[in-house]
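Chains as they are written, first to last, in the numbering used here: chain P, 1 to 248; chain V, 1001 to 1171.
A virtual CB, placed ideally from N, CA and C, is assigned to each residue, including glycine.
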Amino acid sequence: MTSIEAREILVLYRPGTADAADPQMAEALALARQDPELGRWFEQHRAFQKAMRAGFRQIEVPAHLKASLLIQKPAQRTFLTPQAWWRRPVWLTAAAAVVVLVLGLAGAWLKPRIPDRFANYQSRVVGAAQLAYRMDVVTNDMQQVRQFLASRGAPADYNMTQGLEHLQLTGGGRLTWRSNPVTMVCFDRGDKQMLFLFVMRRSAVKDPPPKTPQLTKVRQMLAARWTQGDNTYVLAGPEEADFLKKYL
Amino acid sequence: MDFQSLVDLHYAALYRFAMSMTRTESDACDLVQQTFLTWATKGHQLQDTSKVKSWLFTTLHRCFLESRRRLTRFPHLEITEAEAELPNVEPDLVSHLDAQEVLRLLSQVDEQFQAAVALFYLEDYSYNEIASILEVPLGTVKSRIARGLAQLKELVLRKAVPPGKATGGST
């Protein structure tokens, strides 16, 4: 091994790690002990490595980060998607079933049934986008999103508007509304603002929207809704005058 | 391992890695949040529990690339010729580096080298593990680290010597 070859190897040496166990590294270290010029370079390099390493490890972690991570434990971060009931203890599932049954019967007797109106659906999905949303698949490849959705029984045959074709896809997910699968496709507008496209079968609601997009304000967001073929669409984004129109 | 134990063990290291790449506290926190959220939904698919930490780092790095829209892969550079770029840096020039200065220097290094350099200094991972986390070949990782270090040294020298008077050539 020449001095130059040893230097190439020693560039990647980290004191105090398992690097020294590497046979090539060990040979280079031995040469640095014998070659004064290489030895001087290596001492300087070690000092540089030590200082940089110490600097990186001084990066302070915000005090609030851990708490904010723990507040949002996994079970609390799922929304609209049913919880994995089969993972729960049997007794808990049974008790929950009884409670649901009792409440369901009471609800049926005491209150008018919540209508399966499109406005309710739209409010729910837009609220989900506004408060917290989870992408099941994070990708810029629409084909991947469609494959994932199809595998989960959600509408995967949705049509993209011309405006949306030009936006950056960030991923998608499957939601449910009243047991109906809902497709969520997420786009980045480029200024840290997101656009959400929700797709559900028109048969899931009594009053699907018309074919021509209608704009409404929903929960501090702007939403467009329309029906095309067998699907209903909701496109939601920041509340800005006329901004949605260019994506329709 | 329960969720709290997982957070306890890894959140600080993940944050430092995220901060090395984003240099913004809020963005780094978002990346860590997203990483644990991904764990919550997909972590059960990981069969080998000894790979939890590297899985988290890989996930965070993917989230970062996604957030930066780095859709094109960085070129796979081999390690040859990287050594010629490595200048000498006197120990005095780096003896007082703090985290802020280190992050500032790293921000000026080519973006494609930054993650590898950050992992190199933050964690005692082997080069094979770093390659696995960043999902690039071993030679590429070594090259990125070597070139990243060379750029860091140049930046330290440039900071110490006013432009036009630099004397720290390659040796």
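Taking CB atoms only, V1052 of chain V has no neighbour in chain P less than 8 Å away.
At a Cβ-Cβ threshold of 8 Å, R134 of chain P and T1041 of chain V count as neighbours.
Between Q1114 of chain V and L1155 of chain V, the alpha-carbon positions lie close to 14 Å from each other. Collapsing the DSSP output to three states places L69 of chain P in a helix. Scanning chain P for C-beta atoms nearer than 9 Å to the C-beta of E1066 of chain V yields V138, T139, N140, T170, G171, reported in chain order. Between L149 of chain P and G172 of chain P the beta-carbon gap is near 6 Å, inside 8 Å, which marks them as a contact. Interface criterion met: the Cβ of T17 of chain P is under 8 Å from a Cβ in chain V. In the DSSP assignment, L215 of chain P is bridged to P:A224.
Unbroken beta strand (DSSP E) stretches of 3 residues or longer found wholly inside the segment 122-185 of chain P: 168-177, given in chain order. In this structure, the beta-carbon distance from Y1121 of chain V to R53 of chain P falls below 8 Å.
Here I1145 of chain V is buried. Its C-beta has 16 or more other C-beta atoms within 10 Å.
Looking at the backbone, the Cα of L1097 of chain V and that of A51 of chain P are separated by about 7 Å. Inclusion of R1158 of chain V and L1103 of chain V in the CB contact set at 8 Å is not warranted, their separation being larger than that value.
DSSP lists P:D188 as the bridge partner or partners of M194 of chain P. In the assembly as shown, N231 of chain P is a buried residue. Its beta-carbon has 16 or more other beta-carbons within 10 Å.
Listed in chain order, the non-local C-beta contacts of M25 of chain P below 7 Å within the same chain comprise I9, Y13, D19, local neighbours out to five positions each way being set aside.
Residue burial annotation: E1123 of chain V is buried, with at least 16 other C-beta atoms found within 10 angstroms of its C-beta.
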